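See below for the structure under consideration.
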Ligand code: ADP
Ligand code: ADP
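In the UniProt record's numbering, the protein residues as written are 24 to 253.
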């Protein structure tokens, strides 16, 4: 089965005045594929990612993630634009943080943290943060914080990595460094990636397939395979 399969999905937020944010969205993402979703503010990109993460349900249509109609806890990792690290904890502790709360990992991690710590170190190395493990998060530049954010989203070995504008707040140079770091992580570990971005260049540089969203309620207006040597 596909990693992510949406068929004619609509998502309506409840409340006094229900609001349909997304309508008629169909897409299919293969395991290990890297897709980008591009579109203007408010077209429903974050809403789609929340559906994949199981934070929302589809109001219409069907959505399967890793073959399941129900949320698949522990198999998805998310990184948002705001890295939200705990400032007084070390880089290593910030990466390990999800393991302290995730029901599927908490016990194993407490009983034997060593392999998790080793994995966190390996992830930090693969994004160029070796040597920074002991720094407190408040000491880090914006680019370093986003690297930690990426490692934290991957610490529990998710099959799907969701990235909601993770590079939006970075300067152009740092952003290009992060693109390379993400590409390295993806090449080495091959998670299925869904990246939300405003930056069409970023999308075509990193992704196999680019979905362009638009309208209100938002829908997919274009799907384009990126056929570049990488
Ligand atoms: P994007 O990520 O493309 O900027 P969003 O998915 O965040 O778009 O939002 C799509 C639309 O849904 C927007 O009009 C937004 O105001 C609305 N929306 C988002 N979250 C909620 C919510 N919790 N309740 C009601 N409306 C929401
Ligand atoms: P920014 O994200 O603010 O543009 P960079 O990530 O480009 O900064 O930082 C360049 C390098 O400077 C980093 O790789 C790191 O080695 C070092 N650096 C930046 N800020 C700090 C800091 N607060 N503490 C230690 N080293 C730092």
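Beta carbons: idealized from backbone N, C-alpha and C, even for Gly. Predicted model, so just to flag it, every value in this text is computed and none were measured.
Delimiting residues of the beta strand (DSSP E) encompassing residue i
{"i": "residue 218", "result": "215 to 220"}
{"i": "residue 254", "result": "Since the first residue of the chain shown is 24 and the last is 253, residue 254 is not available in this structure."}
{"i": "residue 248", "result": "242 to 248"}
{"i": "residue 102", "result": "99 to 103"}
Proximity to residue i [Cα-Cα], best of the options
{"i": "residue 92", "options": "170, 50, 74 and 103", "result": "74"}
{"i": "residue 44", "options": "81, 202 and 169", "result": "81"}
{"i": "residue 182", "options": "216, 79 and 107", "result": "216"}
{"i": "residue 199", "options": "96, 224, 176 and 184", "result": "224"}
{"i": "residue 26", "options": "42, 77 and 87", "result": "87"}
{"i": "residue 309", "options": "194, 171, 220 and 30", "result": "A query on residue 309 cannot be resolved here, the shown segment of the chain reaching from 24 to 253 and no further."}
{"i": "residue 143", "options": "177, 161 and 164", "result": "177"}
{"i": "residue 179", "options": "96, 113, 161 and 42", "result": "96"}
{"i": "residue 101", "options": "35, 78 and 112", "result": "78"}
{"i": "residue 161", "options": "191, 106, 31 and 84", "result": "106"}
{"i": "residue 114", "options": "85, 99 and 147", "result": "147"}
{"i": "residue 85", "options": "29, 222, 71 and 242", "result": "29"}
{"i": "residue 83", "options": "34, 247, 71 and 94", "result": "34"}
CB contact check: residue i to chain B, cutoff 8 Å
{"i": "residue 245", "result": "Within the model displayed, chain B is absent; a lone protein chain is all it includes."}
Endpoints, alpha helix (DSSP H) assigned at residue i
{"i": "residue 28", "result": "Where residue 28 is concerned, there is no enclosing alpha helix (DSSP H), although the beta strand (DSSP E) it sits in stretches over 27 to 36."}
{"i": "residue 76", "result": "68 to 76"}
{"i": "residue 127", "result": "Note, residue 127: premise wrong, no alpha helix (DSSP H); not H, not E."}
Exposure label - residue i; buried when at least 16 CB within 10 Å
{"i": "residue 229", "result": "buried"}
{"i": "residue 149", "result": "buried"}
{"i": "residue 175", "result": "buried"}
{"i": "residue 24", "result": "exposed"}
{"i": "residue 126", "result": "exposed"}
{"i": "residue 69", "result": "buried"}
{"i": "residue 1", "result": "For the chain, the structure presents residues 24 to 253; residue 1 sits outside this window and is missing."}
{"i": "residue 39", "result": "exposed"}
{"i": "residue 220", "result": "buried"}
- Ordered list of alpha helix (DSSP H) runs contained in the stretch 140 to 176, each at least 4 residues: none
- Any chance you could list the beta strand (DSSP E) runs of at least 3 consecutive residues sitting entirely within the stretch 40 to 65, in chain order? 42 to 52 and 57 to 61
- Item | Length-filtered (4 minimum) alpha helix (DSSP H) runs lying within the stretch 188 to 240 | 195 to 212 and 223 to 229
- Task: Answer yes if the stretch 125 to 140 comes into contact with the stretch 192 to 212, meaning at least three C-beta pairs across the two stretches below 8 Å, and no otherwise.
- Result: no
- Counting Cβ pairs closer than 8 Å, one from the stretch 153 to 161 and one from the stretch 182 to 196, do we hit at least three? no
- Query: Three or more C-beta pairs closer than 8 Å, one from the stretch 137 to 156 and one from the stretch 34 to 50: is that the case here?
  - Reply: no
- Query: Taking contact to mean at least 3 C-beta pairs separated by less than 8 Å, is the stretch 231 to 239 in contact with the stretch 50 to 68?
  - Reply: yes
- Task: Flag this pair as touching only if the stretch 136 to 143 and the stretch 116 to 125 have three or more C-beta atom pairs under 8 Å; answer yes or no.
- Result: yes
- Can you list every residue whose CB sits closer than 5 Å to some heavy atom of ligand 3, going in chain order? Ligands present in the displayed structure are limited to ligand 1 and ligand 2, and ligand 3 is not among them.
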